[in-house]
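A short worksheet on the structure shown next.
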Amino acid sequence: MVTIPVEIQLLFAALLFLMGLIGLLVRRNVIFILMSIEIMFNSAGMVFVIAGSYWAQVDGQVMFIFMLTVTAAEVSVGLALILQMFHHFKTLDADKLSNLKDTN
Amino acid sequence: MTILLALIPIMPLLGFLILACCGSRMSKQMIAFTGAVSVGISVLITLITGLAFLVTPPAGNVVVVNLWQWFSTGGLALSIVFRLDALSLVFIFVITFIGFLIHVYSIDFMAGDEGYARFFAYMNLFVGSMLILVLADNLLLLYLGWEGVGLCSYLLIGFWYREPVNGYAARKAFIITRIGDTAMIIGIFLLFVHFHTLDIQLLMQQASSEWGNGSPLATWAALLLLGGALGKSAQLPLQTWLPDAMAGPSPVSALIHAATMVTAGVYLIARTHVLFELAPAIQTAVAAIGALTLLLAGFSALAQHDLKRVLAYSTISQIGYMFLALGVGAWSAGIFHFMVHAFFKALLFLAGGAVIFALNEEHDIFKMGGLRKKLPVIFWTFLIGSSSLAALPLITAGFYSKDQILWFAWSAGNGNPWLWAAGLLGAFITSMYTFRLVFLVFFGDMVTMPEHHPGRLMLIPMIILAFFSLIAGFIELPESMGHVQWFSKLLDPVLPAVNTAHGRIPESFFQLVAGTISLSGIYLAYRFYLKQPYLTSSFNESRISKFLYKGWGFDRVYDLLFVNPLVWFAVRNKNDFIDLFTSALARAAFYGNYLLSITQNGRIRWYVMAFVIGIVFMLTIFINL
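For the record, the sequence lines run as chains A and B. Quick note, in the working numbering, the first sequence goes up one by one and the last residue is 104. Quick note, in the working numbering, the second sequence goes up one by one and the last residue is 625.
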């Protein structure tokens, strides 16, 4: 069995996180923003799994299952918010929703 | 007896509290009742304590009431202590008695005024503060009363505050007396720093034992206290506020600006006479200021058109006599003149107020005349008051008190012929301007018909005061006629007797001169204002008259020297120099707010970016740690 060095694993997780972050920053569509957040979440979860395998403990994977649950809840709330947003503003563009800006 | 003494100032203060709290909900009768009766009770208590004091003199001739400890901090423990001795007895008698009569007079005089409750509240507060002033046993309590009467003076001068002129007069009085008060409080500090006590008796003892005659510190202390006395008593150079103070109602002028408050300076000097004896230079200055003031104010009174302003200048002039007496060391003569002056000057103001009341607020004496028949009671009381002021020989009280001052101005240790001559010239002018008033107002042709007739409540106090203006002199008769010394004997334990130095010429000669001078002044007024009125109008047109009318131009000089530069500076410095710093702070805050609010653009991706940058920063810092 070929073992991938832990540095490579972590680098992969970091790349994944960066991908999500860039997606979050450049995308204006709220659905894509939500997806980017999911990617970042998963990269963080992956670090848990990597750490679990590095120290040969199951805690990392247990933690990842917890995270999945939380993510599921978060996504459902997020999607509900997006639905409401589209309902109200007829748009999914995050930049259009800048009513909270300071006007002076 | 002791607790009764404390009630004397407390009763008017209680009246003030009641009127201030619920005066607006009380009926006019209730207000008048509260205002007059609270002072009336004080009169009764004063008479009881006074009689007890005279019949069975207490040990050491003083009654001391220690009410409670005021405060105690950092080595200074002060109590509310009232001290009754002969000097304060004379003062509380005059204050409560005349105060009560004036309150009764005001019931009628102010009847039509909307600020009825306010008026009586202020008047009660004034009487209470003045009583605290003269009964105080330590300088700080005295200062409390001193400021209290100053406040009441301000409030009552500006009583009709809807007229801007009255407000201006009130502020002028307040600010000018404040100049003197500042000097006085510095003097009190000076005394405290040296003796670590503010108890007047203790201070005087220590001052006479520790400070030599003419020592610089005693001179400074006396000078600073004198500053306070000059401001309050409207003496040169702080006299300019009193004529303007006539903007207040006539009872106020009678009580505050004639009988009581303006003589607080006389009281202060008499109370701290030990200090002034230690500083002969300052005592001489007191006499000189008195002599100068009585002349300046007397000449100004000759040129005034406003009935009350004549009386105001005459008050300044008469207080000048008191200062002259104090300055030459004739302490009890000064206090005697204070008492007599309080009677006749309060009377003159009340009678003058009644004339103004009858003529529907007419102040100009050249628009009056011939009122003798129409207002007989006012005429006779005014005539008695005027005779007393002009020191008509033998029958009036003013003659005995003024004659005593003139005699001592010549014969006392510090006296000299110059002071006597100034006093004599002053007496001549006094009788002239006084009878100028009498002749212009009550004789000649009728100019304005009286529209109102003062009621009994106004006339009775005037009659009582007229009675006292005549007989008050008989308690102290000069050596040459009767030699009664009840008054000076009474004051003996408090104030030292006069040491006469130049006694070669008999006293009766001086009385003859003073009497002649006073009569000739009246005669000249008679010739000038009744027989040859055309001379009057040509005098009124002259430049000298204009100059005197303006009070020797003191106001203009003060405006040029102090007021205008200050106003100029204030206008130039409208955007306050110190404000530059604070407004710079405010502007920086505004600019920072502007910068930061740009970042609040409502774009979520922008926030995330800021977030990321922040995290990168923090990570860099933590990794490097």
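Just so it is clear, CB atoms sit at the ideal spot from N, CA and C, and this is done for glycine as well.
Using CA coordinates, which residue listed in B:95, B:580, B:190, B:616 is at the minimum distance from residue 9 of chain B? Answer by Cα proximity: B:95.
Please name the residue in B:278, B:163, B:595, B:100 whose C-alpha comes closest to that of residue 212 of chain B. Closest in alpha carbon position to residue 212 of chain B, among B:278, B:163, B:595, B:100, is B:278.
Residue 81 of chain B, DSSP secondary structure in three states: The answer is strand: DSSP assigns residue 81 of chain B an E or B state.
Please state whether the Cβ-Cβ distance between residue 23 of chain B and residue 159 of chain B is less than 8 Å. No; because the gap between Cβ atoms is not below 8 Å, this pair is not in contact.
Round the Cβ separation of residue 263 of chain B and residue 323 of chain B to the nearest angstrom and send it over; I've been treating them as touching at under 8 Å. Contact between residue 263 of chain B and residue 323 of chain B does not hold, since the beta-carbon distance rounds to 10 Å and is not under 8 Å.
Three-state class that DSSP yields for residue 70 of chain B in the structure shown: The three-state reading of DSSP puts residue 70 of chain B in strand, counting E and B together.
Listed in chain order, which residues of the segment 584-605 of chain B have Cβ atoms closer than 9 Å to some Cβ of chain A? Of all residues in the segment 584-605 of chain B, 593, 594, 596, 597, 598, 599, 600, 601, 602, 603, 604, 605 have a Cβ within less than 9 Å of some Cβ in chain A.
Mapping the DSSP letters down to three states, classify residue 293 of chain B as helix, strand or coil. In this structure, residue 293 of chain B counts as helix in the three-state DSSP scheme.
Distance between residue 318 of chain B and residue 334 of chain B (C-alpha atoms, nearest Å): Taking C-alpha positions only, residue 334 of chain B is separated from residue 318 of chain B by approximately 10 Å.
Between which residues of its own chain and residue 558 of chain B is the CB-CB distance below 8 Å, once the five residues before and five after are set aside? Answer for residue 558 of chain B: 240, listed in chain order.
8 Å is my cut-off, CB to CB: does residue 21 of chain A come that close to chain B? Taking Cβ atoms only, chain B reaches closer than 8 Å to residue 21 of chain A, which makes this a yes.
By how many angstroms is the C-alpha of residue 305 of chain B removed from the C-alpha of residue 634 of chain B? A question about residue 634 of chain B goes unanswered here, because the residues of chain B that appear run from 1 up to 625.
Note down the Cα distance separating residue 296 of chain B from residue 550 of chain B, rounded to an integer number of angstroms. C-alpha separation (whole angstroms): 11 Å.
On a Cα-Cα basis, can you pick out the residue from B:460, B:325, B:161 that is closest to residue 351 of chain B? When each option's Cα is compared against that of residue 351 of chain B, the closest is B:460.
Apply the 10 Å Cβ neighbour rule to residue 55 of chain A and answer buried if 16 or more other Cβ atoms are within range, or exposed otherwise. Exposed, because fewer than 16 other Cβ atoms sit within 10 Å of the Cβ of residue 55 of chain A.
Sorted by chain position, which residues of the same chain lie with C-beta nearer than 6 Å to residue 106 of chain B's C-beta, five sequence neighbours on each side aside? Within the same chain, 251 come within 6 Å of residue 106 of chain B by CB-CB distance, once the 5 residues on both sides are set aside.
Quick one: is residue 42 of chain A near chain B, going by C-beta distance under 8 Å? Not an interface residue.
Neighbourhood of residue 442 of chain B by C-beta distance below 6 Å, restricted to the same chain and skipping five residues each side: For residue 442 of chain B, where only same-chain residues beyond five positions count, the Cβ hits under 6 Å are 371, 372, 379.
So, do the segment 85-92 of chain A and the segment 583-593 of chain B have three or more beta carbon pairs nearer to each other than 8 Å? The segment 583-593 of chain B and the segment 85-92 of chain A do not touch, with fewer than three beta-carbon pairs separated by less than 8 Å.
Under DSSP, the alpha helix (DSSP H) around residue 417 of chain B begins and ends at which residues? The continuous alpha helix (DSSP H) containing residue 417 of chain B extends over residues 417-442.
Look at the Cβ atom of residue 150 of chain B, then the Cβ atom of residue 177 of chain B, and state whether they are nearer than 8 Å. Judged by beta-carbon spacing, residue 177 of chain B lies within the 8 Å limit of residue 150 of chain B, meaning their Cβ atoms are closer than that value.
Is it the case that the segment 407-424 of chain B contacts the segment 344-360 of chain B, given that we only count it when at least three CB pairs across the two stretches are under 8 Å? Contact between the segment 344-360 of chain B and the segment 407-424 of chain B is absent, because fewer than three Cβ pairs lie under 8 Å.
Check whether the segment 64-80 of chain A touches the segment 42-55 of chain A, counting contact only when three or more Cβ pairs, one atom from each stretch, lie closer than 8 Å. They touch, by the three-pair rule.
Can a CB atom of chain B be found closer than 8 Å to the CB of residue 94 of chain A? Closer than 8 Å to some Cβ of chain B, the Cβ of residue 94 of chain A qualifies, so yes.
Give a yes or no on contact between the segment 413-424 of chain B and the segment 452-468 of chain B, applying the rule of three or more CB pairs nearer than 8 Å. In short, these stretches do not touch, since the Cβ pair count stays below three.
Using alpha carbons as the reference points, say which of B:124, B:174, B:73 lies closest to residue 20 of chain B. Minimum Cα distance to residue 20 of chain B is reached at B:124.
Could you name the residues of the same chain whose beta carbon sits closer than 6 Å to that of residue 57 of chain B, not counting the 5 residues immediately before and after it, in chain order? Answer for residue 57 of chain B: no residue qualifies.
Span of the alpha helix (DSSP H) holding residue 33 of chain B? First-last of the alpha helix (DSSP H) with residue 33 of chain B: 28-55.
Using 10 angstroms around the beta-carbon of residue 523 of chain B, count the other beta-carbons present and answer buried if the total reaches 16, otherwise exposed. When all chains shown are included, residue 523 of chain B counts as exposed.
Which residues mark the beginning and the end of the alpha helix (DSSP H) in which residue 371 of chain B is found? For residue 371 of chain B, no alpha helix (DSSP H) segment is defined, and its DSSP state is neither H nor E.
Could you spell out the range, first to last residue, of the alpha helix (DSSP H) harbouring residue 4 of chain A? In the DSSP assignment, residue 4 of chain A falls outside any alpha helix (DSSP H), carrying neither H nor E.
Taking the C-alpha atoms as reference points, what is the distance between residue 14 of chain A and residue 43 of chain A? Between residue 14 of chain A and residue 43 of chain A, the C-alpha separation is close to 7 Å.
Is residue 99 of chain A close to chain B? Criterion is C-beta to C-beta, closer than 8 Å. At a cut-off of 8 Å between C-beta atoms, residue 99 of chain A counts as an interface residue with respect to chain B.
Cβ-Cβ distance between residue 647 of chain B and residue 50 of chain B below 8 Å: What the structure shows of chain B is the stretch from 1 to 625, and residue 647 of chain B is not part of that stretch, so it cannot be assessed.
Neighbourhood of residue 670 of chain B by C-beta, 6 Å cutoff - its chain only, sequence neighbours within 5 removed: Here chain B comprises residues numbered 1 to 625, so residue 670 of chain B is not present and cannot be evaluated.
Assign residue 306 of chain B to one of three DSSP states: helix, strand, or coil. In this structure, DSSP gives residue 306 of chain B an extended state, which the three-state scheme calls strand.
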